[in-house]
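Engineer: Every position in the sequence shown, counted from 1, becomes a number in this note's numbering once 6 is added.
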Amino acid sequence: MSIRSWLFFIFTFLLVTPLSWGKVEVLDIRYWSAPEYTRIVLDLTEPVYYDFFELVNPDRLVIDLKETSIALSKKELLLNDPVVSRVRWGFFNPTTLRVVIDLVKAAEARVFTLKKFQDKPDRLVIDIFRPDLEKKEEEKRLFWQKKPAGNYIVVIDPGHGGEDPGAIGKSGVKEKVVVLEIAKKLRTALNQEKNLKAFLTRESDYFIPLRKRWIIARQYNADLFISIHANAGFNRNKQGAEVYCLSLGAASEEAARILAEKENSSDLIGGVDLASCTDGVDSILVQMEQTRTINDGLILGKLTLEELRKVTEINFSQPQQAGFTVLKAPDIPSILIEVGYLSNPKEERLLSTEDFQNRIAEAIKNGIIKFFQQVAVAGN
7 MSIRSWLFFI FTFLLVTPLS WGKVEVLDIR YWSAPEYTRI VLDLTEPVYY
57 DFFELVNPDR LVIDLKETSI ALSKKELLLN DPVVSRVRWG FFNPTTLRVV
107 IDLVKAAEAR VFTLKKFQDK PDRLVIDIFR PDLEKKEEEK RLFWQKKPAG
157 NYIVVIDPGH GGEDPGAIGK SGVKEKVVVL EIAKKLRTAL NQEKNLKAFL
207 TRESDYFIPL RKRWIIARQY NADLFISIHA NAGFNRNKQG AEVYCLSLGA
257 ASEEAARILA EKENSSDLIG GVDLASCTDG VDSILVQMEQ TRTINDGLIL
307 GKLTLEELRK VTEINFSQPQ QAGFTVLKAP DIPSILIEVG YLSNPKEERL
357 LSTEDFQNRI AEAIKNGIIK FFQQVAVAGN
């Protein structure tokens with residue numbers, strides 16, 4: 007074969023085998039569906055250069071990834087989703103991978119990258135919002151702004167979700183799954199009580215930024231905000247429940263400070279476009295008097311610990327305090343409950359059982375009822 011023939015063969019081979027090109031590789035394409043938006047996540051071997059644009063007739067989003075290959079053999083991902091119908095991909099040219107997101111109807115999108123964090127690789131995130139769905143969800147919450155006198159609203163926040171699994175036990179039990187089950191049981195228990203109405207910040211497995219969680223509580227005009235989590239640590243023998251409240255200053259214990267840092271990292275794991283965040287929360291906290299809500303949170307925390315003691319071991323007789331972002335609603339008494347340690351094999355098994363989940367939910371409910379009884383007696 008002549009040199010010219012060899013060169014022609016090599017050139018043709020490179021054109022038709024784009025997988026051999028690209029210093030960046032797409033490892034996986036995943037999605038999460040929330041009531042208000044859909045998140046598409048591309049796991050990458052390293053940061054990527056990309057172009058993003060929108061097309062109509064039909065409505066779709068297009069992302070071109072430069073110098074990129076893909077590890078997936080399939081060519082599309084079908085979604086059962088109110089925002090996105092399908093994600094498909096192929097090579098626009100030998101070194102550019104094109105990802106097309108077919109929309110159910112016109113939507114707004116925000117595209118951003120996330121750096122490697124803990125066990126998460128570099129990621130390209132596409133959050134797709136339908137304004138009509140967002141408005142519908144918000145209207146459902148705002149309906150409760152005019153609740154009847156003498157009625158109380160409790161918003162329950164199952165921690166983590168979607169991209170952020172939270173703690174994971176040795177047997178694979180995930181915090182985001184356990185706490186959602188407990189939250190649902192607590193909601194059911196509270197809704198059986200007269201003059202009480204409970205709502206969840208998330209109904210299934212999707213991610214919500216920390217600040218959005220207490221914003222949801224404010225939209226519901228909540229009287230209490232309960233964030234439910236499960237702990238993990240290096241000591242596999244440690245077990246038991248703990249209750250935490252907000253501190254605007256120093257943490258009450260070093261362990262509380264460390265836990266707050268871990269829980270506050272949820273936005274980095276789950277994926278928040280940091281460029282879209284502002285410091286407005288801090289200015290609100292500075293301007294508003296938050297002493298009453300923190301003190302009420304401490305009262306609720308102590309009452310909840312007294313009830314939890316009846317069904318499980320507790321590690322502190324008093325609520326601990328630290329700067330938990332999720333508890334920073336300026337006008338809603340809030341607590342964060344760690345229901346147990348998934349790093350403890352015995353407690354991991356217990357937390358997976360419906361019976362123990364029910365007992366934990368019942369204990370939290372009793373603490374909430376006692377708090378409202380105290381509030382009524384005090385005329386507050």
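The C-beta atom is built at its ideal place from N, Cα and C for all residues, glycine as well.
On the three-state DSSP scale, how would you describe Glu181?
Structural biologist: DSSP places Glu181 in helix when its eight states are reduced to three.
Engineer: Answer yes or no: do Tyr250 and Gln326 have a C-beta to C-beta separation smaller than 7 Å?
Structural biologist: Contact flag set, yes.
Engineer: Using a Cβ-Cβ cutoff of less than 7 Å, which residues in the same chain neighbour Asn364 once the five nearest sequence positions on both sides are dropped?
Structural biologist: Only Lys191 meet the Cβ criterion.
Engineer: Looking at the strands, I want to know which residues DSSP matches up with Asn99.
Structural biologist: DSSP, once it has assigned bridges, lists Thr102 as partnering Asn99.
Engineer: Hey, Arg138 and Phe231 are a contact pair by Cβ (cut 8 Å); roughly how many whole angstroms apart?
Structural biologist: Per the sequence shown, residue 138 should be read as Asp rather than Arg. That belief does not hold up - the Cβ atoms of Asp138 and Phe231 are roughly 27 Å apart, past 8 Å.
Engineer: Pull up the DSSP beta-bridge partners for Gln326, would you.
Structural biologist: DSSP output for Gln326 lists Tyr250 as bridge partner(s).
Engineer: Roughly how many angstroms lie between the CA atoms of Leu309 and Gly156, to the nearest whole one?
Structural biologist: Whole-angstrom Cα-Cα distance: 21 Å.
Engineer: Going straight from the alpha carbon of Ile366 to that of Ile375, what length do you get?
Structural biologist: Distance between the alpha carbons of Ile366 and Ile375 is about 14 Å.
Engineer: Can you tell me whether DSSP reads Asp125 as helix, strand or coil?
Structural biologist: Coil.
Engineer: Specify the secondary structure class of Glu82 as computed by DSSP and reduced to three states.
Structural biologist: Glu82: strand per DSSP, three-state reduction.
Engineer: Beta-carbon within less than 6 Å of Leu67's beta-carbon, same chain only, minus the 5 sequence neighbours each way: which residues are those?
Structural biologist: Glu60, Ile107, Ala115.
Engineer: In whole angstroms, what is the alpha-carbon distance linking Lys142 and Tyr43?
Structural biologist: For Lys142 and Tyr43, the distance between alpha carbons rounds to 12 Å.
Engineer: So, are the CB atoms of Thr331 and Leu216 less than 7 Å apart?
Structural biologist: A contact, by the Cβ cut-off of 7 Å.
Engineer: Check for me: the alpha helix (DSSP H) holding Trp220 runs from which residue to which?
Structural biologist: Residues 216-225.
Engineer: Decide if Arg298 is buried, meaning its Cβ has at least 16 other Cβ atoms within 10 Å, or exposed.
Structural biologist: When all chains shown are included, Arg298 counts as exposed.
Engineer: Tell me, please, which residues DSSP counts as bridged to Phe231.
Structural biologist: Paired residues: Val161, Ser340.
Engineer: Excluding the 5 residues flanking Asp34 on each side, which residues of the same chain have their C-beta closer than 6 Å to its C-beta?
Structural biologist: Cβ neighbours of Asp34 beyond the five flanking positions: Asp49.
Engineer: From Pro336 to Lys218, what does the alpha carbon distance come to, in whole angstroms?
Structural biologist: Cα to Cα, the separation comes out at about 13 Å.
Engineer: Determine the extent of the alpha helix (DSSP H) in which Asp138 is found, giving its start and end residues.
Structural biologist: 137-148 is the extent of the alpha helix (DSSP H) around Asp138.
Engineer: Between which two residues does the beta strand (DSSP E) holding Arg116 run?
Structural biologist: Run containing Arg116: 114-120, per the beta strand (DSSP E) assignment.
Engineer: Please confirm if the segment 172-181 is in contact with the segment 223-230, defined as three or more CB-CB distances below 8 Å between the two stretches.
Structural biologist: No, the segment 172-181 is not in contact with the segment 223-230.
Engineer: Does Val62 pass the burial test, meaning 16 or more other C-beta atoms within 10 Å, or should it be called exposed?
Structural biologist: Its Cβ having fewer than 16 others within 10 Å, Val62 is exposed.
Engineer: I think Leu254 touches Ser340, with their Cβ atoms under 8 Å apart; what is that distance to the nearest whole Å?
Structural biologist: Not a contact, Cβ separation roughly 13 Å.
Engineer: So, helix, strand or coil for Arg242, using DSSP?
Structural biologist: Coil, per DSSP.
Engineer: Excluding five sequence neighbours on each side, which residues of the same chain lie with their C-beta closer than 6 Å to the C-beta of Leu304?
Structural biologist: Excluding positions up to five away in sequence, the list reads Cys251, Pro325.
Engineer: Between which two residues does the beta strand (DSSP E) containing Glu60 stretch?
Structural biologist: Start and end: 56-61.
Engineer: Among the candidates Ser349, Ala228, Arg45, whose CA atom is the shortest distance from the CA of Leu148?
Structural biologist: Of the listed residues, the one whose Cα sits closest to Leu148 is Ala228.
Engineer: Please determine, among Val161, Val184, Gly165, the residue with the shortest C-alpha to C-alpha distance to Arg193.
Structural biologist: If we check each option's Cα against that of Arg193, Val161 comes out closest.
Engineer: Note down the Cα distance separating Gly373 from Gln245, rounded to an integer number of angstroms.
Structural biologist: Taking the straight line from one Cα to the other gives about 21 Å.
Engineer: Where does the unbroken beta strand (DSSP E) through Thr359 begin, and where does it stop?
Structural biologist: Element bounds for Thr359: n/a, residue is neither H nor E.
Engineer: Would you call the CB atoms of Val185 and Gly165 closer than 7 Å?
Structural biologist: In contact: Val185 and Gly165 (Cβ atoms closer than 7 Å).
Engineer: Helix, strand or coil for Asp87? Go by DSSP, reduced to three states.
Structural biologist: Of the three classes helix, strand and coil, the one that applies to Asp87 here is coil, per DSSP.
Engineer: Where does Glu319 fall in DSSP's three states?
Structural biologist: If DSSP states are grouped into helix, strand and coil, Glu319 belongs with coil.
Engineer: Alpha carbons only, please: which of Glu353, Leu306, Lys334 is nearest the one belonging to Val381?
Structural biologist: When each option's Cα is compared against that of Val381, the closest is Leu306.
Engineer: Run through DSSP, which three-state label would Val381 get?
Structural biologist: Reduced to three states, the DSSP call for Val381 is helix.
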